[in-house]
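> Please see the structure below; I have some questions.
Laid out in structure tokens, this is it:
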């Protein structure tokens, strides 16, 4: 219920999480859920406590970005940066690593370090020509920092990329599939940015990357093959029955001429 309600009614979702924690407080996913719903309702102190407990029970760092943001929420940007630096980013899943980069950039913004905030977003996943589930948020975060730095043209470029990526992912329902954002369908131009990306607004291509498409097995062929095998098995059994019956009839005829 907490998962179902978290987007439309965070407060009610939090009540369900609290009820679960009273009954099963030593289960990792219960403490994780409580931490997430607390974060959604703005109770950052509770969120931080619960997410720390979740990490201690599970041994996982997959909610590290929310922990950093929770530290920011209670006004401790220094602690937020320390928390983020304490994990091995190379061991994190890509979506978690991207979310952490965004949270760390926010902590830098809290301290007024705009250039460092931009630097936190300089990660390999910052590719303007490809869109994954994490790309819209990453592109938008970069656009916001560039806007604060007064680099308006670059900010417009990345803001547009964020919009195009979000639209492409929504239309194609690609999940973590890779979407190419092609520059050949461009209208309008912007100056090149520091990453070497062409400073142009993008349109989304409907084509997925070749490596992202997996061929599905031919269900009809498999079904037909199964039917043939089943029919062959049935035929074999029927032949055996007929053979046995035939032998019995022969024996009966030999033993009883009148029959």
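Numbering (full-length UniProt numbering), first residue to last: 1 to 259. Think of the CB as a built atom: it goes at the ideal place given N, C-alpha and C, for glycine as much as any other residue.
Which residues in the same chain have their Cβ closer than 6 Å to the Cβ of residue 14, if we skip the five residues on either side of it in sequence?
Within the chain shown, numbered from 1, the residue matching residue 14 stands at position 14. Contacts found: 37, 41.
> Considering only residues of the same chain and omitting the five flanking positions on each side of residue 162, which have a CB-CB separation below 7 Å?
Residue mapping note: residue 162 aligns to position 162 of the chain shown, counting from 1. Correct list, in chain order: 136, 139, 140, 143.
> Mind checking whether residue 114 and residue 145 have CB atoms under 8 Å apart?
Along the chain shown, one-based indexing puts residue 114 at 114. Along the chain shown, one-based indexing puts residue 145 at 145. Yes, the Cβ-Cβ distance between residue 114 and residue 145 is below 8 Å.
> One question on the structure: do residue 131 and residue 169 come within less than 8 Å of each other, judged by their Cβ atoms?
Locating residue 131 in the chain shown gives position 131, counting from the first residue. Locating residue 169 in the chain shown gives position 169, counting from the first residue. Contact flag set, yes.
> So that I know if they touch, is there some Cβ in chain C lying closer than 8 Å to that of residue 40?
The displayed structure is made up of one protein chain only, and chain C is not part of it.
> Using a Cβ-Cβ cutoff of less than 6 Å, which residues in the same chain neighbour residue 5 once the five nearest sequence positions on both sides are dropped?
Residue mapping note: residue 5 aligns to position 5 of the chain shown, counting from 1. In the same chain as residue 5, and ignoring 5 residues on each side of it, the C-beta atoms closer than 6 Å to its own belong to 12, 13, in chain order.
> Starting from residue 164, trace the alpha helix (DSSP H) in both directions and tell me its first and last residue.
In the chain shown, the residue the question calls residue 164 occupies position 164. 152-172 is the span of the alpha helix (DSSP H), which, as asked, contains residue 164.
> Using 8 Å as the threshold, is the C-beta distance between residue 20 and residue 33 below it?
For the purposes of this step, residue 20 is taken as the residue at position 20 of the chain shown. For the purposes of this step, residue 33 is taken as the residue at position 33 of the chain shown. In contact: residue 20 and residue 33 (Cβ atoms closer than 8 Å).
> Give the DSSP-derived three-state secondary structure of residue 136 in the structure shown.
Here residue 136 is taken as the residue at index 136 of the chain shown, counted from 1. When DSSP states are grouped into helix, strand and coil, residue 136 belongs to the helix group.
> Could you name the residues of the same chain whose beta carbon sits closer than 6 Å to that of residue 65, not counting the 5 residues immediately before and after it, in chain order?
Here residue 65 corresponds to residue number 65 of the chain shown, with the count starting at 1. Correct list, in chain order: 99, 100, 103.
> Alpha carbons only, please: which of 49, 3, 7, 53 is nearest the one belonging to residue 71?
In the chain shown, the residue the question calls residue 71 occupies position 71. For residue 71, the closest of 49, 3, 7, 53 by C-alpha to C-alpha distance is 49.
> Alpha carbon to alpha carbon, how far is residue 110 from residue 119?
Here residue 110 refers to the residue found at position 110 when the chain shown is read from its first residue. Here residue 119 refers to the residue found at position 119 when the chain shown is read from its first residue. About 14 Å.
> Starting from the C-beta of residue 117, find all residues in its chain whose C-beta is less than 7 Å away, skip the five residues before and the five after it, and write them out in chain order.
As a position in the chain shown, residue 117 is number 117, starting the count at 1. 105, 108, 109, 145.
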